[in-house]
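Participant: Numbering (the working numbering), first residue to last: 61 to 380.
Attaching a single structure in structure tokens format; questions to follow.
So this is what it looks like as structure tokens:
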């Protein structure tokens, strides 16, 4: 089990400091989400400042960009890290794509299949010099002259990881990606009963042999009782937030918690965010969150292995 440090603040100075801290602390990698800063920039900086750990975006919002822009930035992050970069992609949701990024929204799984295919076609063009000729419903790339080609990457193309919750996108991860990023709002039972079968079905479509599973679990931990209490409150509130979202209802339904999902959604519509954490029971906390006695990397590794066993290959843990 590989353990990565998740870092929410991907600002350049913090990305550099966090990467050095993660490597010195024994973590196997560092992952940056797309929040207030560009995670591709953070990964390029982190990769250039370290020697051992893997860097990854978790995730880059694909539909806010086009495949050429992503292919180029990911190629640079791979160069900066000397081959230690993984490109994590996600679709985001309709409201953010349309209203925050001012981009069109279409059925996400078919579009993501095309997006990944286009990125790989661009990388192949740079690697082999073959004519770039990708034609799809959403993306078309047919022009690549020597001036704009970086040429072959000496470290090879980056792995592509795909974030998914529902079956359609999870099947696509098995079909077209090197790794599957499980959302934090998931459980070991959901991965076993829903995610892994969907990944296997996707692999069967194309004959892929394996898909790395990257989990991003909620973790309750702390160096003292006060820190642990604060961690538990924060995790409970996060679980309540995601539980209120219809997109993640399937996870609640698997456990028979539909009534709680309805109550959380109703509370969110009323703006009662501060009270929603009280609706999360101890059983729900146990299912969604890992309790770890210490925030050091080996304790985290043992706790994650105990929860997920052989179902996962890598875990990203965000502390604080």
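Just so it is clear, CB atoms sit at the ideal spot from N, CA and C, and this is done for glycine as well.
Small disclaimer: the values here were computed from a predicted structure and weren't measured.
1. If you draw a straight line from the C-alpha of residue 262 to the C-alpha of residue 375, how long is it?
2. Under 8 Å: do the region 99-108 and the region 169-178 share three or more Cβ pairs, one atom per stretch?
3. Under the rule that 16 or more other beta-carbon atoms within 10 Å means buried, what is residue 231, buried or exposed?
4. From which residue to which residue does the alpha helix (DSSP H) around residue 319 run?
5. Taking DSSP's pairing of strands, which residues face residue 376 in a bridge?
6. Where do the N-terminal and C-terminal ends of the beta strand (DSSP E) with residue 274 fall, by residue?
7. Roughly how many whole angstroms lie between the Cα atoms of residue 330 and residue 301?
8. Using the beta-carbon count (16 or more within 10 Å), is residue 117 buried or exposed?
9. Cα separation between residue 196 and residue 215?
10. Which whole-angstrom value describes the C-beta separation of residue 251 and residue 276, a residue pair presumed to lie in contact below a C-beta threshold of 8 Å?
11. Quick check on this structure: which residue in 192, 143, 98 has the alpha carbon closest to the alpha carbon of residue 71?
12. Near residue 85, which residues of its chain fall below 7 Å by C-beta distance, leaving aside the five closest residues on each side in sequence?
13. Look at the Cβ atom of residue 210, then the Cβ atom of residue 135, and state whether they are nearer than 8 Å.
14. Out of curiosity, what's the CA-to-CA distance linking residue 298 and residue 353?
15. What residues in its chain sit with their C-beta under 6 Å from that of residue 304, if we drop five residues either side in the sequence?
16. Around the Cβ of residue 194, are there at least 16 other Cβ atoms within 10 angstroms (buried) or fewer (exposed)?
17. My output table needs one value for residue 115: the three-state DSSP class, helix, strand or coil.
18. Could you pull the start and end residues of the beta strand (DSSP E) that residue 150 belongs to?
19. Give me whichever residues DSSP pairs with residue 201 in a beta bridge.
20. To the nearest angstrom, report how far apart residue 268 and residue 236 are at their CA atoms.
21. Using the beta-carbon count (16 or more within 10 Å), is residue 66 buried or exposed?
22. In the DSSP output, which residue or residues are listed as bridge partners for residue 240?
23. On the CB-based measure, 16 or more other CB atoms within 10 Å of its CB, does residue 264 come out buried or exposed?
24. For residue 141, which residues of its own chain have a beta-carbon under 6 Å away from its beta-carbon, when the five flanking residues on both sides are left out?
25. Contact check, residue 280 vs residue 372 under 8 Å by CB: the rounded distance?
26. Anyone know if the C-beta pair for residue 384 and residue 212 falls short of 8 Å?
27. Are there 16 or more other CB atoms within 10 angstroms of the CB of residue 221, so buried, or fewer, so exposed?
28. Going by C-alpha to C-alpha distance, which of 223, 315, 170 sits closest to residue 271?
29. Kindly identify the DSSP beta-bridge partner or partners of residue 182.
30. Here's a check: name, in chain order, each residue in its chain whose Cβ is nearer than 6 Å to the Cβ of residue 355, leaving out the five neighbours to either side.
31. Alpha helix (DSSP H) containing residue 301: first to last residue?
32. What residues in its chain sit with their C-beta under 7 Å from that of residue 88, if we drop five residues either side in the sequence?
Facilitator: Per the coordinate set shown:
1. 22 Å
2. no
3. buried
4. 318-329
5. 64
6. 272-275
7. 13 Å
8. buried
9. 28 Å
10. Not really, about 11 Å apart at Cβ, beyond 8 Å.
11. 98
12. 357
13. yes
14. 20 Å
15. 324, 325, 328
16. buried
17. strand
18. 145-150
19. 194
20. 8 Å
21. buried
22. 222, 273
23. exposed
24. 107, 115
25. With 8 Å as the limit, residue 280 and residue 372 do not qualify as a contact, their Cβ atoms being about 18 Å apart.
26. Since the first residue of the chain shown is 61 and the last is 380, residue 384 is not available in this structure.
27. buried
28. 223
29. According to DSSP, residue 182 bridges with nothing at all.
30. 281, 379
31. 285-303
32. 62, 63, 64, 113, 114
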